[in-house]
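Protein chains: 2
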Amino acid sequence: MKIAALAGGVGGAKLIHGLAKLLPPDELSVIVNTGDDFEYLGLNISPDLDTVCYTLAELANPVTGWGRKDECWTIYQEIAALDGPKWFHIGDKDLATHILRTYKLNQGLTLSEITAEFCRCWGVKHPVFPMSDQSVRTVVHTAEGEALGFQEYFVHQACEPVVEHFEFVGIEDARPLPQAINAIEACDVVVISPSNPWVSIDPILKIPGYVESIREKPLVAVSPLIGGKALKGPAAKIYAELGVTPSAWAVASHYKDILTGFIFDEQDHHELEKIERWRIIALVTDILMKNDQDRFRLAEEVLRFCETILNRSR
Amino acid sequence: MKIAALAGGVGGAKLIHGLAKLLPPDELSVIVNTGDDFEYLGLNISPDLDTVCYTLAELANPVTGWGRKDECWTIYQEIAALDGPKWFHIGDKDLATHILRTYKLNQGLTLSEITAEFCRCWGVKHPVFPMSDQSVRTVVHTAEGEALGFQEYFVHQACEPVVEHFEFVGIEDARPLPQAINAIEACDVVVISPSNPWVSIDPILKIPGYVESIREKPLVAVSPLIGGKALKGPAAKIYAELGVTPSAWAVASHYKDILTGFIFDEQDHHELEKIERWRIIALVTDILMKNDQDRFRLAEEVLRFCETILNRSR
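Chain order of the listed sequences is G and F. In terms of our numbering, the first sequence opens at residue 3 and continues consecutively. In terms of our numbering, the second sequence opens at residue 3 and continues consecutively.
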């Protein structure tokens, strides 16, 4: 069974890691949000892409979920000693990725070419695609009228400003990565990882072309919320600020026009009936991923659920 | 007594370090070659400027003379693991300087502004000036007809190609740093540190404006050669390839139109008469700087010699 998975950062990467243990490289492709990409210290940083790659390469920091394990902080300290910017913590190993990526982008290589090259070096066998080789930048418009770059909002301001709406700058001119579209066309099921629908998955879905391809396939999403809360990140806070009570139902509602199956947590079992009313096939299970075992168990359940959906649609 | 000193990399930095121990910040200014500057991994690197600053800040690697002490090599290793460029060894601490410099240059700050800011953070009290805020790039034209950037020649090709001549690209349009000219105008003696005349001092002297200012002052140079050999770097090899037997005399000859006093090693005592024939005042002493004590001793001798020269010209 071939899966094309859409992913954002830490939560999404965990499920992808589980799926990659169960599926060979020709049966799992990953399409990653790059709306969070930004420049820091003049370096091009792709936080979600790196989180997915580091996780698949088993180089990720197991505590934070992002960044590198066994990391060093020399550069961060030296730049702080020189009164340089310090709101974004980048470890030395992680920084090497950004330096070389920036160098190669400036040489004219595309983000997808660079990602493929890095994956080869890190031993990542499953194809990992940035959603686009064109720049899309998530901008957070706040209740106070500010327009913040996503990392400025997420890291520098610790998600404190109240969100009014999101803007994906450049999205009209961005094109889906052709290899990503091929992966969707060749797959049996598209899986949306447990990532923030607003800022991790929407940037992918809103690039002209993706939804048209995804509609042709069964689509299974895994909720990033449990009991109305996000395990990490501001998804629940954003829902509330946008006037929607954060819940599994709200996530399903977000995707409902294209959703075939939806996987959410036992804690949210009471929402089952409301979700099934939309003819969405539901799986209620333990979706919390605390450790590697949880990732593999959930990935197995996701694949089994995808099989069920495929059999139903046959 | 006020000194304005011209310097290149390691050898020059050692003498500057000695002079800085003896003179307060308002009596010693340092004007540093930037012809060796180059881009590596998209980062702006100023090898001589960094060597002088690190040495004055007592952050320099005492073994190599360049780079930082207690250095780490994480980034170098990670970039090598990603099949990135690896011919130029940059440690992590050193790299932080280059990242922040590049970032600030791209923000529109000048190299001299950035250098002043870094010096403040590193606790370097003596003014250190890049020779110019405009780019001058030393290019090595080789006997095989190649044109190599200086670091490409010096580091990547380990000075192996035979030198035909040097070119300082951009030098016609470069302007001396105004603060450096002020320092020369305010000084009692200009000192040329024991740096490579061809590639460390010539780029400074050939920027239109420097020689005109320097001519107004007594000029003392310290030979970078002992017994016809350079302690470090290709100075002797370059002399030979340009058809000049490397010697103290050859160095004095290089500067003879502007030279008042010349300090060279006891080993080269036999050249004294030949040098004095040009009415250059000579000091023959032990110029080898193996350790900090040597730097301070030589710096004391340089200052005493400058006093002598000043008294003679009064």
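Note that CB positions come from ideal geometry on N, CA and C, so glycine has one too.
Which residues in the same chain as residue i place their Cβ atom closer than 7 Å to its Cβ, once the five residues preceding and following it in sequence are excluded?
i: ILE289/F; result: PRO196, VAL224, SER225, ILE228, ILE265, PHE266, ASP267, LEU300
i: ALA125/F; result: A small fix is needed here, since residue 125/F is Gly in this sequence, not Ala. Excluding sequence neighbours, GLY125/F sits near ALA59.
i: HIS256/G; result: PRO199
i: LYS71/G; result: LEU61, ALA62, ASN63, PRO64
i: HIS167/F; result: HIS143
i: SER315/G; result: PRO220
i: THR76/F; result: ASP94
Where do the ends of the beta strand (DSSP E) carrying residue i lie?
i: HIS91/F; result: Segment: none, HIS91/F is in no beta strand (DSSP E) and carries neither H nor E.
i: HIS19/F; result: That residue, HIS19/F, is in no beta strand (DSSP E); its alpha helix (DSSP H) goes 12 to 24.
i: LEU8/G; result: 5 to 9
i: GLU169/F; result: 165 to 171
With distances taken Cα to Cα, identify the nearest neighbour of residue i among the options.
i: LEU97/G; options: LEU84/G, GLY151/G, GLU41/G; result: GLU41/G
i: GLY37/F; options: ASN184/F, GLY125/F, ASP204/F; result: ASP204/F
i: ALA82/G; options: LEU8/F, GLU119/F, VAL12/F, THR76/F; result: GLU119/F
i: GLN181/F; options: ARG217/F, ASP39/F, THR66/F, LEU30/F; result: LEU30/F
i: ASN63/F; options: LEU305/F, ASN293/F, ILE311/F; result: ASN293/F
i: PRO129/F; options: ILE183/F, PRO163/F, VAL171/F; result: ILE183/F
i: PRO364/F; options: LYS239/F, LEU113/F, GLU154/F, THR144/F; result: The shown model of chain F, from 3 to 316, leaves out residue 364/F, and the question about it has no answer.
i: ARG306/F; options: ALA15/F, GLY211/F, GLY86/F, GLY263/F; result: GLY263/F
i: ASN313/G; options: PRO220/G, ILE18/G, THR140/G, TYR155/G; result: PRO220/G
i: PRO248/G; options: LEU233/G, ILE260/G, LEU261/G, ASP259/G; result: LEU233/G
i: VAL222/G; options: LEU244/G, GLY211/G, VAL192/G; result: VAL192/G
i: THR53/F; options: LEU43/F, LEU45/F, ILE47/F, GLY69/F; result: GLY69/F
i: VAL141/F; options: HIS158/F, GLU169/F, GLU187/F, GLU243/F; result: GLU169/F
i: THR66/G; options: ASN108/G, VAL12/G, HIS19/G; result: VAL12/G
i: THR57/F; options: HIS19/F, PHE156/F, ILE206/F; result: HIS19/F
i: GLY86/F; options: LEU8/G, GLU275/G, THR104/G, ASP85/G; result: THR104/G
i: LYS127/F; options: VAL246/F, ALA9/F, LEU21/F; result: LEU21/F
i: GLU162/F; options: ASN35/F, VAL32/F, ILE240/F; result: ILE240/F
i: ILE194/G; options: LEU261/G, LEU24/G, GLN153/G, GLN159/G; result: LEU261/G
i: LEU24/F; options: LYS4/F, VAL34/F, VAL286/F; result: LYS4/F
i: GLY1/G; options: ALA254/G, GLU214/G, GLY211/G; result: Residue 1/G lies beyond the stretch modelled for chain G, which goes from 3 to 316, so this question has no answer here.
i: GLN79/G; options: CYS123/F, GLN79/F, SER202/F; result: CYS123/F
Closer than 8 Å by beta-carbon distance: list the chain G residues that pair up with residue i, in chain order.
i: ILE81/F; result: ALA98, ILE101, LEU102
i: THR76/F; result: CYS74, THR76, ASP94, LYS95, ALA98
i: ASP85/F; result: GLU119, CYS123
Could you name the residues of chain G that residue i contacts, counting a contact when the two beta carbons are closer than 9 Å?
i: ASN108/F; result: GLY44
Might you give, ordered along the chain, the residues of its own chain that have their beta carbon closer than 8 Å to the beta carbon of residue i, omitting 5 neighbours on each side?
i: CYS74/F; result: GLY93, ASP94, LYS95
i: THR99/F; result: ASP52, PHE120
i: VAL164/F; result: THR144, ALA145, GLU146, GLU243
i: ILE311/G; result: VAL191, PRO220, VAL222, THR262, GLY263, ILE283
i: LYS208/G; result: PHE170, ILE173
For residue i, go through chain G and note every residue whose CB falls closer than 7 Å to its CB, in chain order.
i: TYR105/F; result: LEU43, GLY44
At which residues does the alpha helix (DSSP H) containing residue i begin and terminate?
i: ALA301/G; result: 294 to 315
i: LEU290/G; result: First-last for LEU290/G: undefined, no H or E at that position.
i: ILE282/F; result: Here ILE282/F belongs to no alpha helix (DSSP H), and DSSP marks it neither H nor E.
Excluding five sequence neighbours on each side, which residues of the same chain lie with their C-beta closer than 6 Å to the C-beta of residue i?
i: ASP270/F; result: ALA250
i: LYS16/G; result: MET291, ARG297
i: VAL171/G; result: ARG139, VAL141
i: SER137/G; result: GLY172
i: ASN46/F; result: ARG103, THR104, LEU107
i: GLY235/F; result: ASN198
i: PRO27/G; result: LYS127, HIS128
i: TRP280/F; result: LYS258
i: ALA185/G; result: ALA6, SER31
i: LYS88/F; result: ALA82
query = Along the chain, which unbroken stretches of the alpha helix (DSSP H) at least 4 residues long are found entirely within the segment 183 to 266 of chain G?
reply = 204 to 207, 212 to 216, 237 to 243, 250 to 257
query = Quick one: complete beta strand (DSSP E) runs, 3+ long, within the segment 108 to 163 of chain F?
reply = 130 to 132, 139 to 144, 149 to 151
key: Those runs of the beta strand (DSSP E) which lie wholly inside the segment 30 to 78 of chain F and span at least 3 residues   = 30 to 34, 40 to 42, 45 to 47
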